[in-house]
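Convert by adding 2 to the 1-based position in the sequence shown; the result is the number in this note's numbering. Note that CB positions come from ideal geometry on N, CA and C, so glycine has one too. Take a look at the structure below.
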Amino acid sequence: MLYVSRETSSFMTNTYNTGKLGEDLSCEYLIDKNYKILARNFRKTYGELDVIAKSKDKTLVFVEVKTIKLYSTADINNATISPEDNLTKAKLKKLQKIAVMFAGKHSELFDDDKGWRIDLIAITLFSSGERPLITHYENI
């Protein structure tokens, strides 16, 4: 797990803003890890890819971002749901479908040796002003 340095001065209240902030934080995190962001919010009728990036080893990475908000870090152990719980089997299946489609149409973005993968970045925001908690799962 990694705590990022960015403070969230005003806590977002609606789902859209929470998700957008989570995606913004995930991109900052990836850039700090030497990933190159290629696209955000790539949409098709059957799904969306939150972030498309290239890792430092040149692997094409499709990143699903899941964000929740709690009051403080003290609430983590009592939370009824984690960001990871929001990635359902059905959502993962949609991600795989759109990733296969994107990779098939953009083979120039990766080589056969490195290929591509799907990652999950789980983010917990805290309305108390504490730094967000970011957990990165590779190759889910």
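Proximity of the stretch 113 to 122 to the stretch 48 to 61 meets the contact definition, three or more beta-carbon pairs being nearer than 8 Å. Leaving aside the five residues that flank K116 on each side, the residues in its chain whose CB is nearer than 7 Å to its CB run, in chain order, D59, K60, T61. In this structure, S28 sits away from V63, with a CB-CB distance that is not shorter than 8 Å. The alpha carbon of K22 has as its nearest neighbour, out of Y31, V67, F44, the alpha carbon of V67. Taken atom to atom, the span from the alpha-carbon of F112 to that of A105 is near 8 Å. Boundaries of the beta strand (DSSP E) around L122: 118 to 128. When DSSP states are grouped into helix, strand and coil, K95 belongs to the helix group. Burial is judged here by how many other beta carbons sit within 10 angstroms of a residue's own beta carbon; Y48 has fewer than 16 and is exposed. Residue pairing from DSSP leaves Y48 without any beta-bridge partner.
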